[in-house]
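Below is one structure, written out as structure tokens; comments come after it.
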Amino acid sequence: MAAYEVNGTTVEHDEEGYITNLSEWSKELAEIIAKAEEVDMNEEHWEVVNFLRDYYEEYQIAPAVRVLIKAVKKTMGPEKGSNKYMYELFPYGPAKQACKIAGLPKPTGCI
Amino acid sequence: MSEVKKFLYVNRKAPYGTIYALEALEVVLIGAAFDQDVSLAFLDDGVFQLAKGQNTKGVGIKNFSPTFRALGDYEVTKLYVEKESLDERGLTLDDLLAVTYEDEDDDYEEKPSIRLVSRAEMADLMSTQDVILSF
């Protein structure tokens, strides 16, 4: 199985790049996954990644895109809770790419 | 856009002895993308799926019960629980998770998703559905 390398240790991931053991996530790993996804992490990216991690912590699922956007809209306002904003941050899909960086499974109900 | 159909997902099994409960929940979450009229029914041991304070440490399986509280975000807002099934297991509504949704048509007021129904009402509910999926 393929793996990411973080400070000399390896973190296994599946064929799509999602890590297999969620507890092995770290901020350093997130930066490494982001680089592989060609996402240059800034504060706005982190805000979404942290939001996803909180959502997972509370509900034990990675939300589908439309659910994520609706939830972001509620807590961070309509400007950030929009398709445009999210796809600018994560061009290959906010739920898919941001979840991968956040160390979560592939979103449930993401079709 | 085709016509909206009434879908009822029937949950009859305890949450962790088999994979049915988790699979049903995943199907509901995936199916929620299709904008149908979705309801969930909980009867027999299925009512245990909604029990508060589940702890799965001893069985080494993820406790997925918090995910029921996300159903409102997926616009799944009707969880029918059969009263007789609760009674037979010594449970009441107070033993169940607080699952709520925000009613867009009522100033986003938070409302309970769980609706207690009798066995007769459950039968009526089933008879009005277009599709019933039993787990």
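Chains A and B supply the protein sequences, listed in that same order.
Residues in the first sequence are numbered consecutively from 7, following this note's numbering.
Residues in the second sequence are numbered consecutively from 1357, following this note's numbering.
C-beta atoms are modelled at their ideal positions from N, C-alpha and C, and glycine is treated no differently.
Please report whether the beta-carbon of residue i lies at a distance below 8 Å from any beta-carbon of chain B.
i, result
"residue 30 of chain A", "no"
"residue 117 of chain A", "Residue placement at residue 117 of chain A is flagged as unreliable, the pLDDT there being 48, under the threshold of 50; a coordinate-derived value is accordingly withheld."
"residue 76 of chain A", "yes"
"residue 67 of chain A", "yes"
Start and end of the beta strand (DSSP E) containing residue i?
i, result
"residue 1427 of chain B", "First-last for residue 1427 of chain B: undefined, no H or E at that position."
"residue 1362 of chain B", "1362–1367"
"residue 1488 of chain B", "1487–1490"
"residue 1397 of chain B", "1393–1398"
"residue 1407 of chain B", "Note, residue 1407 of chain B: premise wrong, no beta strand (DSSP E); not H, not E."
Comparing the C-beta of residue i with each C-beta of chain A, is any distance below 8 Å?
i, result
"residue 1422 of chain B", "yes"
"residue 1418 of chain B", "yes"
"residue 1386 of chain B", "yes"
"residue 1429 of chain B", "yes"
"residue 1460 of chain B", "no"
"residue 1379 of chain B", "no"
"residue 1454 of chain B", "no"
Can you give me the start and stop residues for the alpha helix (DSSP H) that residue i sits inside?
i, result
"residue 89 of chain A", "89–95"
"residue 35 of chain A", "33–42"
"residue 81 of chain A", "71–82"
"residue 1468 of chain B", "Unbroken run through residue 1468 of chain B is the beta strand (DSSP E), 1465–1468; no alpha helix (DSSP H)."
"residue 62 of chain A", "49–65"
"residue 1443 of chain B", "1439–1444"
"residue 1359 of chain B", "Note, residue 1359 of chain B: premise wrong, no alpha helix (DSSP H); not H, not E."
"residue 1455 of chain B", "Taken as a continuous stretch (DSSP letters only), residue 1455 of chain B belongs to no alpha helix (DSSP H), as it is neither H nor E."
Considering only the beta carbon of each residue, do residue i and residue j sit closer than 8 Å?
i, j, result
"residue 1371 of chain B", "residue 1441 of chain B", "no"
"residue 1408 of chain B", "residue 1453 of chain B", "yes"
"residue 1394 of chain B", "residue 1384 of chain B", "yes"
"residue 1363 of chain B", "residue 1487 of chain B", "yes"
"residue 113 of chain A", "residue 68 of chain A", "yes"
Which chain A residues sit within Cβ distance under 7 Å of residue i?
i, result
"residue 1465 of chain B", "Ordered by position in chain A, no residue passes the 7 Å Cβ test against residue 1465 of chain B, which lies about 14 Å from the chain."
"residue 1368 of chain B", "Within chain A, no residue comes near residue 1368 of chain B; the closest Cβ sits about 22 Å away, beyond 7 Å."
"residue 1382 of chain B", "114"
Give me the chain B residues within the contact set of residue i, using Cβ-Cβ distance strictly less than 7 Å, ordered along the chain.
i, result
"residue 70 of chain A", "1389"
Residue i touches chain B at which residues, Cβ-Cβ below 9 Å?
i, result
"residue 64 of chain A", "1422, 1425, 1426"
Closer than 8 Å by beta-carbon distance: list the chain B residues that pair up with residue i, in chain order.
i, result
"residue 73 of chain A", "1426, 1429, 1430"
**OP:** Specify whether the region 1386–1404 of chain B and the region 93–100 of chain A touch according to this definition: at least 3 beta carbon pairs, one from each stretch, less than 8 Å apart.
**Re:** no
Original post:
Are the region 102–113 of chain A and the region 21–29 of chain A touching, with three or more C-beta to C-beta distances below 8 Å?
Top reply: yes
**OP:** Could you tell me whether the region 1466–1475 of chain B touches the region 1429–1442 of chain B, using the rule of 3 or more Cβ pairs below 8 Å?
**Re:** yes
Original post:
For the 8 Å Cβ check, are there 3 or more pairs between the region 69–87 of chain A and the region 1442–1450 of chain B?
Top reply: no
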